[in-house]
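**Student:** Numbering (the working numbering), first residue to last: 2 to 435.
Shown below is the structure under consideration.
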């Protein structure tokens, strides 16, 4: 689908509805902020007119609702209206604001739905913005009007400020402000840096470079695991684990992510490592206030597997669970993380040198994305666009709740092998439109 079918109507700066107090002007980075890039995380929402009949007819009315509610949401999420400073240690919460773009797309929304292409979905995002770095305008939103009367919202949010959990909270908060303009504006705390200060810069920089390197052109494909196929996969893994005493009952995310990793790694001759980004908030409750927002996720790393033929799903899941249990039991979370940062740096550098393949998996499942409602109902479809970073696996609940969508980003030759992997296609199908 040609980008020439998109016409930009307007471009605005949306500032917080109330100025940020001087006491909150400096937000210090935490170790979680430090280890995440300044790149934009994209998230897209589609609202077809036939599925969202209460969608306002007047495009100006829609944009006014979204602009005003975004302004109110930025008052609560004030660091997202700020500027990341060059020292790499803090954000200046100076209320420079977010960018709000409005465009027309000269086609019906169904044309995008009917294409099995993450590139088609990218049309709804600000041009060339997803996954690129920026130190200001840390939120960029694009409202798109389709000629069928439907709309989409393409949102880009800085990963340096929020992770998947906090991004979801921000989107739901923005939607709640749109749904009820008179709702009180809550206060959140972005004080992770006070509890978990950053580590030495050289080590953090090495990890950041490895997370954002683009040595190879990548393509992204989506695969859909239905609920019934996930249940079959879970049963297979449980049976694989042997006797009843040693049997494990994998979660849907554990089963789908480990299985996709195995399917990809089976096409390689190099050793591999599977990593999973884990939300540490349940573990950090005793240190962080309930109102905390920001980054609080960390990569858990399974042991290296030298031969792809030796990948056993039940063993892989068990190893990641042991890693998580260690975090639950530690009495000094910061010390434990520092040790893990050293190990993570070493393995990611080996990945860069093509000594080992490190696969990084992130799950947005169970993050309440299906409950987003700006006042005209939940989105019919959600997307993440494509990911220009090699060896990435992202999971998200399907909008109707009947399964999981998995977005995979690989080099062209590796993706070609995955597309014909009979084991993958037994449990998953290329993700199409509605």
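A virtual CB, placed ideally from N, CA and C, is assigned to each residue, including glycine.
If residue 224 and residue 431 are in contact, beta carbons under 8 angstroms, what's the gap, nearest whole angstrom?
**Tutor:** Sure, about 6 angstroms apart at Cβ, within 8 angstroms.
**Student:** So is residue 164 buried or exposed if we call it buried at 16+ other beta carbons inside 10 Å?
**Tutor:** With 16 or more other Cβ atoms within 10 Å, it is buried.
**Student:** Can you tell me whether DSSP reads residue 408 as helix, strand or coil?
**Tutor:** In this structure, residue 408 counts as strand in the three-state DSSP scheme.
**Student:** Can you tell me which of the three DSSP states residue 94 falls into?
**Tutor:** Residue 94 falls in the coil class under three-state DSSP.
**Student:** By DSSP, does residue 214 sit in helix, in strand, or in coil?
**Tutor:** Caution applies to residue 214, whose pLDDT of 49 falls short of 50 and renders its modelled position unreliable; the value that the coordinates give is listed next. Coil, per DSSP.
**Student:** Give every residue of the same chain whose Cβ lies closer than 7 angstroms to the Cβ of residue 9, excluding the five residues on either side of it in the sequence, and list them in chain order.
**Tutor:** Within the same chain, residue 9 has close Cβ partners 102 and 104.
**Student:** Can you tell me the Cα-Cα spacing of residue 301 and residue 317, whole angstroms?
**Tutor:** Cα to Cα, residue 301 sits roughly 12 angstroms from residue 317.
**Student:** What residues match up with residue 152 in a beta bridge as DSSP calls it?
**Tutor:** Paired residue(s): 48 and 146.
**Student:** Report the three-state DSSP secondary structure of residue 428 (helix, strand or coil).
**Tutor:** Correct three-state label for residue 428: helix.
**Student:** Under the three-state reduction of DSSP, which class applies to residue 103: helix, strand or coil?
**Tutor:** DSSP places residue 103 in strand when its eight states are reduced to three.
**Student:** Checking the sheet assignment: what are the DSSP bridge partners for residue 349?
**Tutor:** None, per the DSSP bridge assignment.
**Student:** For residue 39, list the residues DSSP reports as bridge partners.
**Tutor:** Answer is none; residue 39 lacks a bridge partner.
**Student:** Say whether the stretch 373 to 385 touches the stretch 188 to 196, bearing in mind that this needs 3 or more beta-carbon pairs closer than 8 angstroms, one atom from each stretch.
**Tutor:** Taking 8 angstroms as the limit for Cβ pairs, the verdict is that the stretch 188 to 196 does not touch the stretch 373 to 385.
**Student:** In the DSSP assignment, find the unbroken beta strand (DSSP E) run with residue 384 in it and report its ends.
**Tutor:** That run of the beta strand (DSSP E) goes 382 to 384.
**Student:** So if DSSP puts residue 226 in a beta bridge, which residue, or which two residues, is it bridged to?
**Tutor:** Per DSSP, 405.
**Student:** Flag this pair as touching only if the stretch 233 to 241 and the stretch 307 to 322 have three or more C-beta atom pairs under 8 angstroms; answer yes or no.
**Tutor:** Result yes; three or more Cβ-Cβ pairs closer than 8 angstroms.
**Student:** Please go through the same chain and pick out, in chain order, the residues whose beta-carbon is closer than 6 angstroms to the beta-carbon of residue 364, but skip the five residues on each side of it.
**Tutor:** 254 and 396.
**Student:** Helix, strand or coil, according to DSSP, for residue 261 in the structure here?
**Tutor:** Residue 261: helix per DSSP, three-state reduction.
**Student:** CA-CA distance, residue 1 and residue 357?
**Tutor:** Since the first residue of the chain shown is 2 and the last is 435, residue 1 is not available in this structure.
**Student:** Pull up the DSSP beta-bridge partners for residue 302, would you.
**Tutor:** DSSP, once it has assigned bridges, lists 276 as partnering residue 302.
**Student:** CB-CB under 8 angstroms to residue 27, same chain, minus the five flanking residues each way: which ones, in chain order?
**Tutor:** Once the five neighbours on either side are set aside, the close Cβ partners of residue 27 are 91, 92, 93 and 94.
**Student:** Closest by CA to residue 83, which one among 128, 72 and 136?
**Tutor:** Of 128, 72 and 136, the residue nearest in Cα terms is 136.
**Student:** Would you grab the beta carbon distance between residue 335 and residue 168 for me? Rounded to a whole angstrom, and I think it's under 8 angstroms.
**Tutor:** About 24 angstroms; that fails the 8 angstroms criterion.
**Student:** If distances are taken between C-alpha atoms only, which option among 284, 278, 283 and 289 comes closest to residue 303?
**Tutor:** Measuring from the Cα of residue 303, the nearest candidate turns out to be 278.
**Student:** State the start and end residues of the unbroken beta strand (DSSP E) segment that holds residue 358.
**Tutor:** That run of the beta strand (DSSP E) goes 358 to 364.
**Student:** Measuring only the C-alpha atoms, how far is residue 86 from residue 330?
**Tutor:** Roughly 36 angstroms between the two C-alpha positions.
**Student:** Would you report the Cα separation of residue 39 and residue 152, rounded to the nearest angstrom?
**Tutor:** The straight-line gap from Cα to Cα measures roughly 28 angstroms.
**Student:** Quick check: what's the CA-CA separation for residue 261 versus residue 154?
**Tutor:** Going from the Cα of residue 261 to the Cα of residue 154 covers about 29 angstroms.
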